[in-house]
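J.: Protein chains in written order, with the working numbering: chain A, 1 to 498; chain B, 1001 to 1498. Even glycine gets a Cβ: it sits at the ideal position worked out from N, Cα and C. Source: prediction; values computed, not measured. Would you mind keeping the following structure in view while I ask a few things?
2 protein chains.
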Amino acid sequence: MEETIRRFKEHLAKQHAYEHALGVLYYDAETVMPRAGGEGLSRTIGVLSEESYRLSTAPELKELLQTLLENKAAIDWVTQREAEELSENMERMEKIPMEEFVAYQMAQNEASRIWHEAKVNNDYAAFEPHLAKLIEYQRRFAGYMRPELPAYDALLDQYEKGLTMETLDAYFADVRAKLVPVIHAIKERGRKIDDSFMQKQFPVWKQRKLSDFIMQVMTIDRACCAIGEVEHPFTTGFNKRDIRITTHYHEDNLLSSFYSVVHEGGHALYELNTGDDLFCSPLGTGASMGIHESQSRFFENIIGRSEAFLRFMHPKLMELFPEELAGVTPHMLYLAANKSQPSLVRTEADELTYSMHIMVRYALEKQLIAGTLSTKELPAAWNALYREYLGVDVPDDTRGVLQDSHWSGGMFGYFPSYSIGSAYASQIYAAMEKELAVPTLVEKGELAPIVAWLTERIYRFGCLKKPAELIENACGAPFDPAYYTEYLTKKYSEIYGL
Amino acid sequence: MEETIRRFKEHLAKQHAYEHALGVLYYDAETVMPRAGGEGLSRTIGVLSEESYRLSTAPELKELLQTLLENKAAIDWVTQREAEELSENMERMEKIPMEEFVAYQMAQNEASRIWHEAKVNNDYAAFEPHLAKLIEYQRRFAGYMRPELPAYDALLDQYEKGLTMETLDAYFADVRAKLVPVIHAIKERGRKIDDSFMQKQFPVWKQRKLSDFIMQVMTIDRACCAIGEVEHPFTTGFNKRDIRITTHYHEDNLLSSFYSVVHEGGHALYELNTGDDLFCSPLGTGASMGIHESQSRFFENIIGRSEAFLRFMHPKLMELFPEELAGVTPHMLYLAANKSQPSLVRTEADELTYSMHIMVRYALEKQLIAGTLSTKELPAAWNALYREYLGVDVPDDTRGVLQDSHWSGGMFGYFPSYSIGSAYASQIYAAMEKELAVPTLVEKGELAPIVAWLTERIYRFGCLKKPAELIENACGAPFDPAYYTEYLTKKYSEIYGL
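Structural data, given as structure tokens:
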């Protein structure tokens, strides 16, 4: 058995190396690579992903997995879970022909490149055929992997195990029923919030200093985490000692990068605090996209947009922007950071209307994958839903259907994770508050006990436990979305004096 | 034969993909990776370089090469040269046991990491055992590859085919004999050059704008070339549409980054202008390190430090730094950029004393590889040679033996390329001047005809032609180092009124 484990770990290390290299290639492409590098990159991704596919479906691995899974009792927990994960992954991968898998990786890289240009040029027509191709691939892959499920359920399952349209339809209906009245009440009788004092120019070099400060407050170890600049912020990681967050600086919008850094910092904390026993293991990452987003949105919103945090940040902001923010009080910052207003762009949305943006994407993805909506019809459908759900008119595709990078990255079924993650976060917060005086800590900028609490209950397990187990572990109860709608209703009723 | 060529090209594409991925990993490590990422990186480099080794020595490749080389007449020039290059490479690689090759790649990555820290901390002792290990590997590899040659000659040959200690001893003796009198004359009776007006603070964000301008003037297409920031500037490339130059900004030294960008820009122009038929081919790069450095040093010194170029740059510099450079004339800039003064740091050295720095390294490398000097004795030997060749006392190892990245990168035998490259550049310039009115063009900022001239005679061939053929091609005569010493003697005699 020892020899089997040794060979298994050797195989894991190889697979990890290819994922690491492909991960760095993607990160580099987003942050540094000159535009024309795309063609050469595509070829290289083709070669490496072919080898990666081979490794993940190799007959030697199959044999090793069989021996390990037949002798679970004789092996440690980490190895056991690694074997389970790789076995599941192999089952999925084996059903996808290698040529299709490799062609898809290259098509996805190409689509990403085209999307970047299309977004800048407000040119949906250039992106449309690439999007259609990716959807076609995804639909086919879903059929290969889980022929017994509706295609979209198979895709949802990749990001949040067991999540289905049935669950989500009910979840979103509930969220909509509870939050739409609050949104309407704010519009009709909420007090007016003035955030015009934020309409200044905030030099990028000062915003960079602010990012450094935020990362320090969040206890992010810079020896293990870099920050890069991109069009559309994201986080990636290759192992717990090499995590990369990104942001985008807008001179005329201080809060945009501020909350990007806090959001991506939440993702980073999760990865940085996975167990040392999971270093370079396939388990050394988040348990699911929902759990991952629960952490980013916990830090972004529940911590980052709390009055306590803005009180703590106030002196630093005044030090960096003494002229720009002259006369601004912590409470004014708090209101500005929480001003609720139906808007066009998801990543700039306030906490309350945020899930409406997700619902638009959810409704459209279901139809795109089912084949009842074509990519040609998509912009019109997008604009119609923004009118219906958010009451806004979309002026161009750049701020409409082209705004997010997810679809160009082939990620269909990912968006619901943001909303589910926000709901997880509210429930986790309720549990945490019973043990920690969160606002008191936050107001002093002491986030370490909060990170320690999350590490103990969630982070250190990486993928050892499933999402549902982690929620039980953290909250002592199964997932309950009521925490989310209650948290938002209470917060926004107070802010708007409803 | 068609089928053989097809399979050969497929194999080349695979090898290229691994080199591309490893190249991006190295670039990322230097520019972005957080410090603690080194361990995970080392593992990944281990896996990928093992596969890269396997590909470059694969029995299938051997068969293909044999068929191709036996049928040279039936194949095109590019394929023929590719087959020759890969065949030579295979011969070398086959002699190195794979385990040693992989262990060396990982040791080199580790040594690089340690060197970075050692340089910052002025801690040679931390770096010394790693350096000793790399030298041991290099000596052994030299013996494997070319057992018939002295080890250092085998290493020189890797960077400049056919270059030997015999040639270099004579070359350097000549350079020294011709230039030392000029250096002494300047010290004794040269006019004094005042460059105190450059001792100002030049904000980095403005220097970044200057870099953009320089790259534009140099006709570097930003869609194919990125610029990054590192401790020790270098250039790398993965194919002709994805080249990366780097620089380091010092707030108190405007000319440092200025000339880094021009130097690295010269390397970039070479790679960017290799032929389209060499895209992603192993031949799509510089013919040798000497030829490569001839281009960087041509642009840095012959163009960049010419009075014409500084006249052209003057308005831009005044626009960016109106207060810092108030009252500075183009001629004052020219003198400041060419002030000759024996100094401690190679990359900051003036053109005249530059080769003295190279001679120090050449003398030490010969002994290190021959085993007549130990790494423990190295700093003292370094300091003694700086006193002897340059008349300066080395105050610490950071500005002494630890200053360059080359040895930590396992590059022994590379340094002479800089001096040989400078000599090539002088000869190329003499040939170019017969056909182009270089100073007139440079003073107007019109570098395109110069780049076109170099592309026609050198760049487009990539590795299709050997260094000696390229020099013949460009100059109509074989290499003659007299151009170099004459160029420097004339230039510095004028500047210092000798």
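1) What is the DSSP secondary structure of D194/A, reduced to helix, strand or coil?
2) Is A170/A buried or exposed, if buried means 16 or more other CB atoms sit within 10 Å of its CB?
3) If you draw a straight line from the alpha carbon of I450/A to that of K187/A, how long is it in whole angstroms?
4) Give the residues of chain A in contact with E1039/B, contact being defined as C-beta atoms less than 7 Å apart.
5) Going by the beta-carbon positions, is the gap between V360/A and L390/A smaller than 9 Å?
6) Thinking C-beta only, is M165/A closer than 9 Å to P150/A?
7) Could you check whether the Cβ of K1009/B sits closer than 9 Å to any Cβ belonging to chain A?
8) Which ranges would you report for the alpha helix (DSSP H) in the segment 1325-1410 of chain B if only whole runs of at least 4 residues count?
9) Which residues does DSSP pair with T1236/B in a beta bridge?
10) Where W223/A and D1397/B are concerned, what is the direct C-alpha to C-alpha distance, given to the nearest angstrom?
11) If we cut at 9 Å on Cβ distances, does A223/A have a partner in chain B?
12) Please name the residue in H1250/B, Q1201/B, Y1496/B and E1433/B whose C-alpha comes closest to that of S1340/B.
13) Using 10 angstroms around the beta-carbon of W1077/B, count the other beta-carbons present and answer buried if the total reaches 16, otherwise exposed.
14) Answer yes or no: does any C-beta atom of chain A fall closer than 9 Å to that of A1126/B?
15) As a quick exercise: from M1090/B, R1043/B, L1086/B and K1161/B, pick the residue whose alpha carbon is nearest that of Y1104/B.
16) Using C-beta distances below 7 Å, list every residue in its chain close to S1288/B, excluding the 5 sequence neighbours before and after it, in chain order.
17) For D28/A, which residues in chain B fall below 7 Å Cβ to Cβ?
18) Do the CB positions of P233/A and S260/A come within less than 9 Å of each other?
19) Contact criterion: CB-CB distance below 9 Å. Does F279/A meet it with respect to chain B?
20) Is the shortest distance between the beta-carbon of Y1249/B and the beta-carbons of chain A less than 9 Å?
21) In chain A, which residues lie with their C-beta within 7 Å of the C-beta of H1020/B?
22) Which partner residues of H250/A appear in the DSSP bridge assignment?
23) Grouping DSSP H, G and I as helix and E and B as strand, with all else coil, what is C1224/B?
24) Around the C-beta of Q295/A, are 16 or more other C-beta atoms found within 10 angstroms, so that it is buried, or is it exposed?
25) Count the other CB atoms, across all protein chains shown, that sit within 10 Å of the CB of K444/A; report buried if there are 16 or more and exposed otherwise.
26) Tell whether a beta-carbon distance below 9 Å holds between F1141/B and E1082/B.
27) Return the residue from the list E494/A, E486/A and I135/A that minimises the CA-CA distance to L179/A.
28) How close, in whole Å, do the beta carbons of L488/A and R189/A come, if the pair is a contact with beta carbons under 8 Å?
29) Based on Cα-Cα distance, which residue from L68/A, S374/A and M198/A lies nearest to Y334/A?
30) For E1229/B, which residues does DSSP report across the bridge?
31) Does chain A have any CB closer than 9 Å to the CB of H1016/B?
32) Can you list the residues of chain B that L48/A reaches, using a CB-CB cut of under 7 Å?
33) L1064/B and Y1018/B - do their beta-carbons sit closer together than 9 Å?
34) So, are the CB atoms of S257/A and H267/A less than 9 Å apart?
35) Roughly how many angstroms lie between the CA atoms of V1032/B and G1284/B, to the nearest whole one?
36) What are the start and end residues of each continuous alpha helix (DSSP H) run of 4 or more residues lying completely inside the segment 90-127 of chain A, in chain order?
T.: So, from the data block:
1) coil
2) exposed
3) 35 Å
4) R241
5) The answer is yes: Cβ separation under 9 Å.
6) In this structure, M165/A lies closer than 9 Å to P150/A by Cβ.
7) no
8) 1330-1337, 1351-1370 and 1378-1385
9) R1244/B
10) The residue you asked about is not Trp; residue 223/A is Ala in the sequence shown. If you take the alpha carbons of A223/A and D1397/B, they lie about 25 Å apart.
11) Taking a beta-carbon distance threshold of 9 Å, A223/A counts as an interface residue toward chain B.
12) Taking only the C-alpha atoms, the option nearest S1340/B is Y1496/B.
13) exposed
14) A1126/B does not count as touching chain A.
15) Measuring from the Cα of Y1104/B, the nearest candidate turns out to be R1043/B.
16) Y1159, E1160, K1161 and P1467
17) V1024 and D1028
18) yes
19) yes
20) no
21) What H1020/B touches in chain A, judged by beta-carbon distance under 7 Å, is G40 and T44, going in chain order.
22) N253/A
23) coil
24) Buried, because 16 or more other Cβ atoms sit within 10 Å of the Cβ of Q295/A.
25) exposed
26) no
27) E486/A
28) Going by Cβ atoms, the distance from L488/A to R189/A rounds to 17 Å, so no, they are not a contact pair.
29) Here the closest residue by C-alpha is M198/A.
30) T1247/B
31) yes
32) A1017 and A1021
33) Contact: no.
34) no
35) 26 Å
36) Entirely contained in the segment 90-127 of chain A, the alpha helix (DSSP H) runs reaching 4 residues are, in chain order, 98-121.
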